[in-house]
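Report on one structure; see the data block that follows.
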Amino acid sequence: MTEVSIAISQTSPSTNTGGKTCVIGRLLTEQEGWQIVNTATSWEGTPYASVGANSVKGVKGDCSGTTQKIYTEAGFPYPYRQTSTFAAYVATSGRFQEVTDIPDGLQAGDVLLWPGHMAIYAPLPKDHPKRNTGVVRRGQKMDNNFYTAFNDRTHVPYGPYNIATFRSDRFKAFRYLLLPGEAKC
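Residue numbers (the working numbering): 256 to 440.
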């Protein structure tokens with residue numbers, strides 16, 4: 256378990272809830288991250304519209320709105336934030352923790368943040384029908400590894416894409432944090 260500092264106190268390592276031992280104040284597990292990715296797949300094909308918190312599955316959505324709605328639908332809610340304010344929200348809320356070991360430390364469900372854009376990391380398994388992009392760069396296959404909404408210029412709906420073919424600039428990554436009192440056991 257990764258020890259996480261919330262505000263000025265250390266998180267409790269565990270508690271007993273109804274006969275089950277639950278870790279509290281913990282980062283999202285890989286399995287919980289896949290819940291987020293699986294929820295993201297249900298948003299595939301949603302047309303892009305710059306609507307923020309008013310994103311609606313199958314109707315319209317943008318990158319920040321779809322990310323927030325998908326997290327909430329998967330059972331990991333946080334208040335809507337535009338991409339321009341997401342990092343500040345992370346710094347003050349304690350709801351997410353930055354993943355500093357990129358790309359090795361990334362796990363399914365992490366939020367990827369670029370200036371003006373966000374997405375959900377989805378390292379699709381080799382046998383996943385959405386993994387192959389058909390794109391090859393320098394002899395290497397560029398597999399899909401994140402879900403996002405694009406923008407009005409591209410007319411590309413919400414779906415799986417490849418980080419390296421999407422943007423070449425660096426991104427930050429953040430993992431959801433279950434706060435004390437939110438034990439999911």
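Quick reminder that beta carbons are idealized off the backbone N, C-alpha and C, glycines included. As the structure is a prediction and not an experimental result, all values here were calculated from the model.
Proximity of residue i and residue j at Cβ, strictly below 7 Å
i, j, result
"Pro412", "Pro334", "no"
"Phe405", "Leu367", "no"
"Ala329", "Gln290", "yes"
"Thr347", "Ser319", "no"
"Phe401", "Ala374", "yes"
"Pro435", "Gly307", "no"
One or two residues paired with residue i in a DSSP bridge
i, result
"Gly414", "Thr403"
"Gln352", "Arg430"
"His383", "Beta-bridge pairing links His383 to no other residue."
"Ala374", "Leu367"
"Leu282", "Leu432"
Where residue i falls, given that 16 or more other Cβ within 10 Å makes a residue buried
i, result
"His410", "exposed"
"Thr403", "buried"
"Glu287", "buried"
"Gln265", "Bear in mind that the predicted position of Gln265 carries a pLDDT of just 35, short of 50, making it too unreliable to give a figure here."
"Ala262", "At Ala262 the pLDDT is 37, less than 50, meaning the model places this residue with poor confidence; the figure from the coordinates comes in the next sentence. When all chains shown are included, Ala262 counts as exposed."
"Lys381", "exposed"
DSSP-derived helix/strand/coil call for residue i
i, result
"Tyr326", "helix"
"Tyr333", "coil"
"Arg425", "coil"
"Gly360", "coil"
"Val292", "helix"
"Gly316", "strand"
"Val311", "strand"
- Query: On the three-pair Cβ rule with 8 Å, is the segment 345–355 touching the segment 422–436?
  - Reply: yes
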